[in-house]
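Scroll down for the structure; my scribbles are underneath it.
Number of protein chains: 2
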Amino acid sequence: MAPRRTITGFSNPLVKFLRSLREKKHRKREQRFLAEGLRLLTDARESGIVPEMLVMAAGREPHPLLDALEEAVGAAGGEIVEMDVEILAKVTGKDNPQAVAGVFAEFDTRLAGIDRHAAPIWLVAQALRDPGNLGTMLRTGDAVGAGGLILIDDCADPFSVEAVRASMGAIFTQKLAVARWDEFITWLRQDEGQLVAASLRDSTDYRKAPYAAPCFLMVGNESQGLPHAYEDACDLRVTIPMRGRADSLNAAVAGAVLAYEALAHLATN
Amino acid sequence: MAPRRTITGFSNPLVKFLRSLREKKHRKREQRFLAEGLRLLTDARESGIVPEMLVMAAGREPHPLLDALEEAVGAAGGEIVEMDVEILAKVTGKDNPQAVAGVFAEFDTRLAGIDRHAAPIWLVAQALRDPGNLGTMLRTGDAVGAGGLILIDDCADPFSVEAVRASMGAIFTQKLAVARWDEFITWLRQDEGQLVAASLRDSTDYRKAPYAAPCFLMVGNESQGLPHAYEDACDLRVTIPMRGRADSLNAAVAGAVLAYEALAHLATN
């Protein structure tokens, strides 16, 4: 079994540490992030990723998935922390005595960690600001069998509690890279790879476009879209039809419509 | 010009009224909802829908779109209310002196208001709990030229500030209906209409399914999916491939992938 600590005071430094992981600057300093919920932690475990620390209420009801998690944390040399329900509520922000949370080491997010030949599709998001959209893109990436998500320029933090939650576990299965545009485009052009943007300019019907693996599907910022210069650097610009008043889709929706279209082409060709 | 009121005190009953519209029970009682931002209010105006009351900061900088809005509110017999920036911040929850908000009468959301022959596609959501997902489905509906969104069972409130914002104006262009399942299925079967569910059971590849207008595309609750009995009542069950660990997509994403597929079939057939 893993070493076990019990926390009974609100002012314990560990409580402060756990709460601090809700803020980006503390996550960056600690290089750690929080994932909450038995399902999410089980997804992580089944993907071979175990928290350094598992946090739960003292006297929590037993659950076979929790037993499996405790065992995995112990085997990996991690720590189990129990605390009063009231203190746990301060950590998780939820008044749920069944809550569990895990502290994970942040993943390596360098482009060098991406093997582009490992998957036919990769998602790319530029200046994506909403952590829910970011997590949803990870979830969609998992669903289409993409390799991962590459975040260009100033995106939301993929390790925020909101993004991790919206990913529904895909944060643990999809590769993640964070890069500036210049760095990304230089890396991309070092080997084969088709860069595709959803765009309204000078573009091909997204149903008829010649998608080719490894295919990098890029969507832009929620309110600005992609910079023109980035669109110009793409190998393919594709248009998703807009039959109504609006001229754009939600960014995560646009990425998903494009990803499923590319999947259908790449799976049959 | 519209009648103009200036509010200088935090305790003014109108301030309390405006703040109360952030809560569902007050919206239901008043049959009114809030939409915020010049862009959203302009979308409304361009769709022929004008707020009963337009709220902004006293001494706000002029803007041609705001002028057009003020004129439309005046022409429709509405009211314009100006208030100190600090009071406006209390109403909108944002510290933005350029903020504007409009109070709208809630729309008729009875099924009887839906003309199913007015559009080839209709979206249906069952027990959709997240207002962001709900608004995103409205936005997608606008983009695919759907007629509107039908909300089955206990969904998030489509008139919440979050849903209205996520709809990006589609709340003003898409028809909206709210009904219990029994009521919906009875209404549906009174005339032609194909009910399609995204499902993993006994179903057809979503790329090869025989979509037919008027086509009602239904997605289920974020964590439970659709009840089996509802799936059984469908004319068509279609499967979106899942190539990864996860067994489902975000509900708004699933609806969008399905809606764009149906659009491609219905547009070419």
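Heads up: the sequence lines are chains F and U, in that order.
Residue numbers for the first sequence follow my numbering, beginning at 1146 and rising by one.
Residue numbers for the second sequence follow my numbering, beginning at 1146 and rising by one.
Just so it is clear, CB atoms sit at the ideal spot from N, CA and C, and this is done for glycine as well.
Treat the numbers as computed from the prediction; the structure is a model and nothing was measured.
Whose Cβ in chain U lies nearer than 7 angstroms to the Cβ of residue i?
{"i": "F:Ala1409", "result": "Arg1352"}
How should residue i be labelled, buried or exposed, when 16 other C-beta atoms within 10 angstroms of its C-beta is the threshold for buried?
{"i": "U:Pro1158", "result": "exposed"}
{"i": "F:Lys1353", "result": "exposed"}
{"i": "U:Phe1249", "result": "buried"}
{"i": "F:Glu1376", "result": "buried"}
{"i": "F:Thr1237", "result": "buried"}
{"i": "U:Ala1220", "result": "exposed"}
{"i": "U:Arg1312", "result": "Contrary to the premise, residue 1312 of chain U reads as Ser rather than Arg in this sequence. Buried."}
{"i": "F:Lys1320", "result": "buried"}
{"i": "F:Leu1345", "result": "exposed"}
{"i": "F:Glu1206", "result": "exposed"}
{"i": "U:Glu1181", "result": "buried"}
{"i": "U:Arg1190", "result": "buried"}
{"i": "U:Asp1299", "result": "exposed"}
{"i": "F:Asp1253", "result": "exposed"}
{"i": "F:Asp1336", "result": "exposed"}
{"i": "U:Pro1209", "result": "exposed"}
{"i": "U:Arg1255", "result": "exposed"}
{"i": "F:Ala1412", "result": "exposed"}
{"i": "F:Gly1400", "result": "buried"}
{"i": "F:Gly1193", "result": "exposed"}
Counting only Cβ pairs nearer than 8 angstroms, list the residues of chain F close to residue i.
{"i": "U:Asn1157", "result": "Under the 8 angstroms cutoff, chain F gives no residues; its nearest Cβ is about 33 angstroms from U:Asn1157."}
{"i": "U:Gly1277", "result": "Gly1277"}
By the criterion of Cβ-Cβ separation under 8 angstroms, what are the contact partners of residue i in chain U?
{"i": "F:Val1306", "result": "Correct list: empty, because the minimum Cβ distance to chain U is about 16 angstroms."}
{"i": "F:Leu1394", "result": "Arg1284, Thr1285, Ala1288, Ala1401"}
{"i": "F:Ser1192", "result": "Arg1390"}
Out of the options, which has the shortest C-alpha to C-alpha gap to residue i?
{"i": "U:Leu1340", "options": "U:Arg1325, U:Glu1168, U:Val1383, U:Asp1302", "result": "U:Val1383"}
{"i": "U:Asp1380", "options": "U:Asn1395, U:Arg1334, U:Arg1177, U:Met1198", "result": "U:Arg1334"}
{"i": "F:Phe1178", "options": "F:Gly1286, F:Ser1305, F:Gly1292", "result": "F:Ser1305"}
{"i": "U:Ala1343", "options": "U:Glu1406, U:Arg1261, U:Ala1322", "result": "U:Glu1406"}
{"i": "F:Met1397", "options": "F:Leu1408, F:Gly1389, F:Glu1367", "result": "First, the amino acid is wrong: residue 1397 of chain F is Ala here, not Met. Of F:Leu1408, F:Gly1389, F:Glu1367, the residue nearest in Cα terms is F:Glu1367."}
{"i": "F:Ala1322", "options": "F:Ile1385, F:Gly1338, F:Asp1336, F:Asp1302", "result": "F:Asp1302"}
{"i": "F:Ala1315", "options": "F:Pro1359, F:Trp1332, F:Arg1174, F:Asn1278", "result": "F:Asn1278"}
{"i": "F:His1262", "options": "F:Asp1392, F:Pro1359, F:Arg1149", "result": "F:Pro1359"}
{"i": "F:Ala1272", "options": "F:Arg1167, F:Gly1365, F:Lys1235, F:Thr1153", "result": "F:Gly1365"}
{"i": "U:Glu1175", "options": "U:Glu1181, U:Gln1243, U:Leu1166", "result": "U:Leu1166"}
{"i": "F:Glu1152", "options": "F:Ala1213, F:Thr1285, F:Val1226", "result": "The displayed chain sequence assigns Ile, not Glu, to residue 1152 of chain F. Among F:Ala1213, F:Thr1285, F:Val1226, the Cα nearest to that of F:Ile1152 belongs to F:Val1226."}
{"i": "F:Thr1331", "options": "F:Gln1369, F:Ala1378, F:Thr1285, F:Ala1308", "result": "F:Ala1378"}
{"i": "F:Glu1328", "options": "F:Ala1288, F:Leu1362, F:Met1282, F:Ala1257", "result": "F:Ala1257"}
{"i": "F:His1373", "options": "F:Leu1211, F:Trp1326, F:Glu1337, F:Leu1186", "result": "F:Trp1326"}
{"i": "U:Val1289", "options": "F:Asp1392, F:Trp1267, F:His1171", "result": "F:Asp1392"}
{"i": "F:Ala1409", "options": "U:Phe1317, U:Leu1411, U:Arg1388", "result": "U:Arg1388"}
{"i": "F:Pro1148", "options": "F:Ala1291, F:Gly1154, F:Glu1224", "result": "F:Glu1224"}
{"i": "F:Thr1285", "options": "F:Ser1348, F:Ala1412, F:Ile1266", "result": "F:Ile1266"}
{"i": "F:Pro1276", "options": "F:Ile1297, F:Phe1252, F:Glu1307, F:Ala1291", "result": "F:Glu1307"}
{"i": "U:Ser1156", "options": "U:Asp1336, U:Leu1411, U:Ile1232", "result": "U:Ile1232"}
For a contact meaning CB atoms closer than 9 angstroms, what does residue i contact in chain U?
{"i": "F:Asp1188", "result": "Arg1390, Ala1391"}
{"i": "F:Thr1281", "result": "Leu1394, Asn1395, Ala1397, Val1398"}
{"i": "F:Thr1318", "result": "Gly1389, Arg1390, Ala1391"}
{"i": "F:Tyr1356", "result": "Residues of chain U passing the Cβ test: none, with the nearest at roughly 15 angstroms."}
Please decide whether residue i counts as near chain C, where near means a Cβ-Cβ distance under 8 angstroms.
{"i": "U:Met1313", "result": "No chain C appears in this structure, whose protein chains are F and U."}
8 angstroms is my cut-off, CB to CB: does residue i come that close to chain F?
{"i": "U:Ala1397", "result": "yes"}
{"i": "U:Thr1254", "result": "no"}
{"i": "U:Gly1182", "result": "no"}
{"i": "U:Tyr1405", "result": "yes"}
Cβ closer than 7 angstroms: which chain F residues qualify as neighbours of residue i?
{"i": "U:Met1387", "result": "Ala1288"}
Does the Cβ of residue i lie closer than 7 angstroms to at least one heavy atom of the ligand ZN?
{"i": "U:Ala1270", "result": "Absent from the structure shown: the ligand ZN. Ligands present: none."}
Taking 8 angstroms as the threshold (beta carbon to beta carbon), is residue i in contact with chain U?
{"i": "F:Thr1237", "result": "no"}
{"i": "F:Thr1349", "result": "no"}
Length at least 4, wholly inside the region 1222-1264 of chain F: the alpha helix (DSSP H) runs in chain order: 1230-1237
Quick check on the DSSP output: what are the complete beta strand (DSSP E) runs of length 3 or more inside the region 1323-1352 of chain F, in order along the chain? 1339-1343
Counting only runs of 4+ residues fully inside the region 1167-1229 of chain U, write out the alpha helix (DSSP H) ranges in chain order. 1169-1175, 1183-1191, 1209-1220
For the region 1271-1316 of chain U, list the alpha helix (DSSP H) runs that are entirely contained and at least 4 residues long, ordered along the chain. 1276-1288, 1306-1311
What are the uninterrupted segments assigned as beta strand (DSSP E) that are 3 or more residues long and contained completely in the region 1357-1410 of chain F, given in chain order? 1360-1364, 1381-1384
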